[in-house]
Amino acid sequence: MAFKGAPDNVALLLFFVFWYAGNMKYNEYNTASLNAVGGKTAGMTMTVATLQLGVCAVYAILMWLVKTNPAKLFGFQAPTKQNMPQVGSEDIIKTVPVGFCSAMAHACTVFALGGDPLFGQIVKSGEPVLSAIVNTLFYGKAPSFNKVCCLPIIVGGVAFASLKKIDGVYALKFDQTALFFGMLANSFAAFKGSENKKLLSDNAIAARYGGVGNQFAVTQILAFMICLPIMFVTEGASFPKFLEILSESKVLQFNLVMSGLCFYLYNELATMTLKVTGPVTASVANTAKRVIVMVYMAAVTGKALTDEQKIGAGIAIAGVLLYSVIDDMLKGKSSGDAATKKKAA
25 MAFKGAPDNV
35 ALLLFFVFWY
45 AGNMKYNEYN
55 TASLNAVGGK
65 TAGMTMTVAT
75 LQLGVCAVYA
85 ILMWLVKTNP
95 AKLFGFQAPT
105 KQNMPQVGSE
115 DIIKTVPVGF
125 CSAMAHACTV
135 FALGGDPLFG
145 QIVKSGEPVL
155 SAIVNTLFYG
165 KAPSFNKVCC
175 LPIIVGGVAF
185 ASLKKIDGVY
195 ALKFDQTALF
205 FGMLANSFAA
215 FKGSENKKLL
225 SDNAIAARYG
235 GVGNQFAVTQ
245 ILAFMICLPI
255 MFVTEGASFP
265 KFLEILSESK
275 VLQFNLVMSG
285 LCFYLYNELA
295 TMTLKVTGPV
305 TASVANTAKR
315 VIVMVYMAAV
325 TGKALTDEQK
335 IGAGIAIAGV
345 LLYSVIDDML
355 KGKSSGDAAT
365 KKKAA
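Going by the working numbering, the first residue of the sequence shown is number 25, and it counts up by one from there.
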């Protein structure tokens, strides 16, 4: 009799747990990798980001070689088969925009978190703001009026988190690297989401990929290949020094590999989890994840959030949650009111 493993509801709960754990550990390993090369001023951040994607690419290729995806083992279920996708050169070319946006979103995130792991997370929570702008200007898909009304809450939260009381007077004081690259990461993430949706709307391409697992694997390989020349152009002069540190530092070796693996796995587990949950559950899960990661990173780095950051992060994350569910909430209320009126009539 074939091994079936845990029931689907138990597996789903475990996928949630390991998605959160993977995200937390990625942030920890990423911070440790950057510290091992000398921090944000060492000029090796792009190298770290690129080689994390290199680990992802190797992992994807290994899965195709063994024709097995072990991700479901995290839910105590049997691993699934994962054969190489039957895509051609035209399909790969059509996937390049997704790969490019994925590469830039990842690299910018590493720069943002390298600047300030905590404030970077707060800025990242403002992703819906950039998503609304990108989708309106470039894809003609403006958010609803209700969602637009939530955007000032998110912006206000991030802005408040940027304040610091100096001599009894509030002034803007924040890590500029975290803010700049966090906003860039949010923009590229918005482009990636829309380009990915556009790509998979072609049923023929989706069929040739044979599932989101293969498409994600190809995207990570493309992202690595795109980042590689950028890495050599921007940080090529530091690469010999990086290799020297890598050859001598067990800390860098371990954290670089583990950050790449955690990045791949937590993204895959997030996809497996969110595709079988409703939009409200998905929104709550994403919001809770952001809070948990911030608390965890504060504990790991020993850097406590300021009162302004706590309040600002709370406001921004609450705004993101409201942005995610407000249409469903008001739609449900409207449907209920309509049903009541019809019954009364």
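Glycine included, each C-beta is placed from N, C-alpha and C at the ideal position. Given the structure is predicted, the values throughout are model-derived calculations rather than measurements.
Asked                                                                                                                                                      : Found
Determine which residues share a DSSP beta bridge with L187 and list them.                                                                                 : L196
Check T301 in the structure and name its three-state DSSP category.                                                                                        : coil
Measuring alpha carbon to alpha carbon, tell me which residue in K222, I254 and T330 is nearest D115.                                                      : K222
If you drop the 5 nearest sequence neighbours on each side, which residues of the same chain put their C-beta closer than 7 Å to that of F39?              : F98, G99, L293, M296 and T297
Assuming contact is defined by CB atoms lying nearer than 8 Å, are A209 and A129 in contact in what I supplied?                                            : yes
Which same chain residues, not among the five before or five after V41, have their C-beta less than 7 Å away from its C-beta?                              : none
Report all residues from its chain with a CB closer than 7 Å to the CB of K216; omit the five preceding and five following residues, and keep chain order. : V122, C125, S126 and A129
Would you check if the distance between the CB atom of T65 and the CB atom of F263 is smaller than 8 Å?                                                    : no
Starting from S149, trace the alpha helix (DSSP H) both ways and give me its first and last residue.                                                       : Looking at the DSSP string, S149 is not in any alpha helix (DSSP H), and its letter there is neither H nor E.
Rounded to the nearest angstrom, what separates A56 and K355 at their Cα positions?                                                                        : 45 Å
In the DSSP assignment, find the alpha helix (DSSP H) that holds V257 and state where it starts and stops.                                                 : V236 to E259
What residues in its chain sit with their C-beta under 8 Å from that of I190, if we drop five residues either side in the sequence?                        : K197
Where does the unbroken alpha helix (DSSP H) through D115 begin, and where does it stop?                                                                   : S113 to G139
S155 and A340: beta carbons closer than 8 Å?                                                                                                               : no
Under the three-state reduction of DSSP, which class applies to N51: helix, strand or coil?                                                                : helix
If we call anything under 8 Å between Cβ atoms a contact, is V147 one with G206?                                                                           : yes
Can you give me the C-alpha to C-alpha distance between S283 and N93, rounded to a whole angstrom?                                                         : 19 Å
Does the beta carbon of Q277 sit closer than 8 Å to a beta carbon anywhere in chain D?                                                                     : The displayed structure is made up of one protein chain only, and chain D is not part of it.
Which residue from L37, V34 and G46 puts its Cα closest to that of Y290?                                                                                   : G46
For the alpha helix (DSSP H) containing N107, name the first residue and the last one.                                                                     : Unbroken run through N107: none, as it is neither H nor E.
Mapping the DSSP letters down to three states, classify T330 as helix, strand or coil.                                                                     : coil
Nearest-angstrom Cα distance between V34 and M249?                                                                                                         : 38 Å
Can you have a look at I85 and say buried or exposed, based on whether 16 or more other CB atoms are within 10 angstroms of its CB?                        : exposed
Pick helix, strand or coil for T65, following the three-state DSSP scheme.                                                                                 : coil
With DSSP as the reference, identify every bridge partner of T92, one or two as the case may be.                                                           : K105
To the nearest angstrom, report how far apart A247 and L77 are at their CA atoms.                                                                          : 7 Å
Nearest to V179 by CA position, among K118, I350, G336 and D352, is which residue?                                                                         : G336
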